[in-house]
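Participant: Have a look at the structure that comes next, please.
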RNA sequence: GGACGGGUGGGUGAGUGGCUAAAACCAGCAGACUGUAAAUCUGCCGCUCCUUGCGGGCUACGAAGGUUCGAAUCCUUCCCCGUCCA
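Residue numbers (the numbering used here): 31 to 468.
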C-alpha cells in the first residue's frame with residue numbers, strides 16, 4: 031500500500047516530467063520516436079476486432095506525432111483470479127504494441143472494481159472478492175503481465191486510488207450521467223431480466239465506476255476484449271460528460287479455448303495458463319483443433335499477417351503437415367513464456383511421448399519409504415494420480431494404468447514396497463510418475 | 001405488504017411417495033482410431049468397504065423439523081430468486 035502510493039506520486043508528478051523523459055528517450059533511443067501514422071496504425075490494427083471510431087484514433091496519432099506527446103493507452107483488468115491465461119494475453123499484447131510505438135501504456139489493476147464484479151457475460155451475480163483475495167491476485171498478475179509488457183515503460187495504477195476516495199455525493203453525480211434504459215440495453219442484463227435471473231443494483235454501478243477510471247486517467251485510448259465493448263463505450267461517454275475529449279476504443283477478439291468452441295476461461299477448464307510448465311503448455315496447444323491454430327497464430331504470436339498467410343498456404347497445398355505447423359506454433363508460444371531451450375525440450379518430449387509412444391525423458395519422481403505391500407488403488411490416490419479410490423479403481427478397470435510400461439488389469443493389485451525399487455507409473459494419457467521406494 | 005411461480009448432481013434440466021445415486025443433454029475421464037489433433041465409436045462419470053457382486057454401507061435434490069414401513073416427491077417453519085399488484 032505504502033509503496034504503491036509512492037510510485038503513484040512519482041508518476042503523478044505530471045506531464046512535465048513525462049515530457050522531459052520522452053525528450054531524453056527521443057534523443058537516445060530511436061525506437062521511441064514516433065513512426066509515421068500509417069505505419070503505426072497498420073501495426074496497431076493487426077488482429078484488432080474493432081476500432082471505435084477509427085478516424086479519431088488516426089487523428090490522435092497524428093496529433094501525438096506533431097506535438098511529441100505520447101498517447102495514454104490503458105487496459106483495465108480486474109484481479110479476479112490469481113493466474114492469467116493465454117486469452118488475457120491477446121489484449122495485453124496489443125497494449126505492448128502501443129508501447130512499442132512509443133506511447134504510454136497504462137496497466138490498470140481494478141482492485142476496487144474487482145470487489146463489485148464485472149457483470150459482463152455472466153448469468154448471475156458474482157460473489158464479491160475480499161480485499162485479501164484481490165491484493166494477492168494483483169500481485170501475481172503483475173509478475174505475469176511483465177512477461178509481455180516492458181516493466182520499465184509501463185505505468186501501473188490501481189483504481190482504488192480514486193474510487194476508494196469517491197464520496198457518496200460524487201457517486202450520485204456520476205450516476206446522474208447515465209440512463210437506466212441505456213444500461214438495460216446491454217445484452218447480459220436484458221437476458222438475465224428476460225430469463226428471470228437476479229440482477230443486483232450494484233452491478234449497474236460497474237460500468238459507471240470503471241468509467242471514472244477513464245476520467246481519472248484522462249486516457250486517449252482504451253483497450254479491451256470485444257465482450258467489453260459495452261463497458262468501454264460507457265467509459266467514453268462518461269469521459270465526455272466530464273469535459274474530456276472521449277477516448278478511442280480498440281477491441282480484440284476473444285480467444286477460443288482448447289475445445290475449439292467456447293471462449294478460453296478458467297471456469298470452462300479450456301485454458302492455457304501462462305505459468306504452466308512448458309510440457310503442459312505445449313501439449314495443450316497441440317490439442318486444439320487444427321483450424322483454430324490460425325487464430326492462435328494471429329492473436330498470440332508476433333508473426334505478421336503475411337507470414338501467417340504464407341504458412342497457411344503451405345499447409346493447404348500439402349507442403350507442410352498441419353501437425354508440423356501446430357508444433358511450430360506450440361514451440362513459439364512456449365518459447366515466449368519460458369525461453370527457447372525449454373520450448374525445444376518440450377517439443378522433443380512431445381515427439382517422444384505421444385508420437386513414439388514412449389515414456390517422457392524426465393518423469394517427476396516421488397520417494398516413499400519401504401513398508402508393507404500396498405493396494406495400487408490407495409497408492410494412486412496418495413500420489414495424486416487419482417482424486418478418489420473409486421476413480422482409481424475405474425482407471426484400472428478401464429485399462430488406463432500402467433506399471434513399468436505394462437498394463438495393470440486387476441483393480442485389487444498390491445504393490446510390493448518391502449524392498450527398495452523403482453516403479454514407473456502411468457495413469458491415463460498424461461500422468462506419469464516415477465516411484466522410488468527406499 | 002399481497003397473489004402466484006420457482007430453488008434438483010460441475011452446467012442445462014426431467015422427475016410429484018418405493019422400480020431413483022436420481023432421465024436426457026452438455027462438460028469431464030478412460031479406451032479404440034489418429035497427428036495426444038478434430039470428428040467418430042465404446043465405456044465410465046458421489047464416496048467408501050469387501051468375498052469385485054447387476055454386492056454391502058454412507059452421503060445427496062435451498063435449510064431445519066415432521067408424517068410414513070419408505071420422502072427429491074406430502075406437511076410445517078425458515079431462507080433465497082422471479083413475475084404481477086401496491
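Virtual Cβ for every residue (Gly too), placed ideally from N, Cα, C.
Quick one, which of 103, 243 and 426 has its alpha-carbon nearest residue 201's?
Facilitator: The residue with the shortest Cα to Cα distance from residue 201 is 243.
Participant: So, at 6 Å on beta carbons, what are the nonlocal neighbours of residue 432 in its own chain, with the 5 sequence-adjacent residues on each side left out?
Facilitator: Within the same chain, residue 432 has close Cβ partners 456.
Participant: Just tell me which of 347, 313 and 383 has its CA closest to the CA of residue 362.
Facilitator: The shortest C-alpha separation from residue 362 is found at 313.
Participant: Determine the burial state of residue 395: buried for a count of at least 16 other Cβ atoms within 10 Å of its Cβ, exposed for fewer.
Facilitator: The residue is exposed, with fewer than 16 neighbouring Cβ atoms inside 10 Å.
Participant: Taking the alpha helix (DSSP H) that residue 286 belongs to, which residues open and close that run?
Facilitator: No alpha helix (DSSP H) holds residue 286; DSSP gives it neither H nor E.
Participant: Under 7 Å Cβ to Cβ from residue 79, same chain only, skipping five residues before and after it: list those, please.
Facilitator: Contacts found: 256, 281, 282 and 283.
Participant: Starting from residue 465, follow the alpha helix (DSSP H) in both directions and report where the run begins and ends.
Facilitator: Taken as a continuous stretch (DSSP letters only), residue 465 belongs to no alpha helix (DSSP H), being part of the beta strand (DSSP E) at 461-467.
Participant: For residue 419, I'd like the list of residues in its chain whose CB is within less than 6 Å of its CB, leaving aside the five on either flank, ordered along the chain.
Facilitator: Answer for residue 419: 407 and 411, listed in chain order.
Participant: Assign residue 63 to one of two classes, buried (16 or more other C-beta atoms within 10 Å of its C-beta) or exposed (fewer than that).
Facilitator: When all chains shown are included, residue 63 counts as exposed.
Participant: For residue 115, write down the residues that DSSP places opposite it in a beta bridge.
Facilitator: Residue 115 is bridged to 303.
Participant: Rounded to whole angstroms, what's the CA-CA distance from residue 450 to residue 467? Just pull it up for me.
Facilitator: Near 5 Å, if we compare the C-alpha coordinates of residue 467 and residue 450.
Participant: Looking at residue 139 and residue 186, is the spacing between their C-beta atoms short of 8 Å?
Facilitator: Yes, the pair counts as a contact, with Cβ atoms nearer than the cut-off.
Participant: Output yes or no for whether 8 Å exceeds the beta carbon distance between residue 462 and residue 390.
Facilitator: Contact flag set, yes.
Participant: Within a Cβ cutoff of 6 Å, which residues of the same chain sit near residue 464, ignoring the five residues on either side of it in sequence?
Facilitator: The residues are 393, 395 and 454.
Participant: Using a Cβ-Cβ cutoff of less than 6 Å, which residues in the same chain neighbour residue 81 once the five nearest sequence positions on both sides are dropped?
Facilitator: 87 and 280.
Participant: Between the stretch 218-228 and the stretch 156-176, can you find at least three pairs of beta-carbon atoms closer than 8 Å?
Facilitator: The answer is no - the stretch 218-228 does not touch the stretch 156-176, with fewer than three Cβ pairs under 8 Å.
Participant: Report the three-state DSSP secondary structure of residue 448 (helix, strand or coil).
Facilitator: Three-state DSSP puts residue 448 in coil, outside helix and strand.
Participant: Quick check: the stretch 113-129 against the stretch 289-304, are at least 3 beta-carbon pairs closer than 8 Å?
Facilitator: The stretch 289-304 is in contact with the stretch 113-129.
Participant: Are residue 137 and residue 179 close, meaning C-beta to C-beta below 8 Å?
Facilitator: In contact: residue 137 and residue 179 (Cβ atoms closer than 8 Å).
Participant: Less than 6 Å between C-beta atoms, sequence neighbours within five positions excluded: which residues of the same chain meet that for residue 458?
Facilitator: Cβ within range, chain order: 430.
Participant: Taking the alpha carbon of residue 500 as the reference point, which residue from 174, 263 and 172 has its own alpha carbon closest?
Facilitator: Because the chain here runs from 31 to 468, residue 500 falls outside it and cannot be looked at.
Participant: By the three-class DSSP mapping on this structure, what secondary structure does residue 146 have?
Facilitator: Reduced to three states, the DSSP call for residue 146 is coil.
Participant: How would you call residue 270, buried or exposed, if buried means at least 16 neighbouring beta carbons within 10 angstroms?
Facilitator: It counts as exposed.
Participant: Could you pull the start and end residues of the alpha helix (DSSP H) that residue 245 belongs to?
Facilitator: From DSSP, the alpha helix (DSSP H) with residue 245 extends over 231-247.
Participant: On the CB-based measure, 16 or more other CB atoms within 10 Å of its CB, does residue 123 come out buried or exposed?
Facilitator: That one is buried.
Participant: In terms of DSSP beta bridges, what is residue 102 paired with?
Facilitator: Answer by DSSP bridge pairing, in chain order: 134.
Participant: In three-state DSSP terms, what is residue 185?
Facilitator: Of the three classes helix, strand and coil, the one that applies to residue 185 here is strand, per DSSP.
Participant: When DSSP labels each residue in this structure, what does residue 456 get in the three-state scheme?
Facilitator: Residue state, collapsed to three classes: strand.
Participant: Bridge partners for residue 347 per DSSP, in chain order?
Facilitator: According to DSSP, which records beta bridges pairwise, residue 347 is partnered with nothing at all.
Participant: Cα separation between residue 301 and residue 144?
Facilitator: Each residue's Cα considered, the two are about 21 Å apart.
Participant: Return the chain-ordered list of same chain residues with a C-beta closer than 7 Å to the C-beta of residue 276, the five sequence neighbours on each side being excluded.
Facilitator: Within the same chain, residue 276 has close Cβ partners 266, 269 and 270.
Participant: Please name the residue in 237, 106, 285 and 130 whose C-alpha comes closest to that of residue 247.
Facilitator: Residue 106 is the option with its Cα nearest to residue 247.
Participant: How about residue 67 and residue 84: are their beta carbons less than 8 Å apart?
Facilitator: In this structure, residue 84 does not lie closer than 8 Å to residue 67 by Cβ.
Participant: Alpha carbon to alpha carbon, what distance is there between residue 444 and residue 285?
Facilitator: Distance between the alpha carbons of residue 285 and residue 444 is about 46 Å.
Participant: When DSSP labels each residue in this structure, what does residue 396 get in the three-state scheme?
Facilitator: It is a strand residue.
Participant: Identify the continuous alpha helix (DSSP H) that holds residue 360 and give its terminal residues.
Facilitator: Start and end: 352-368.
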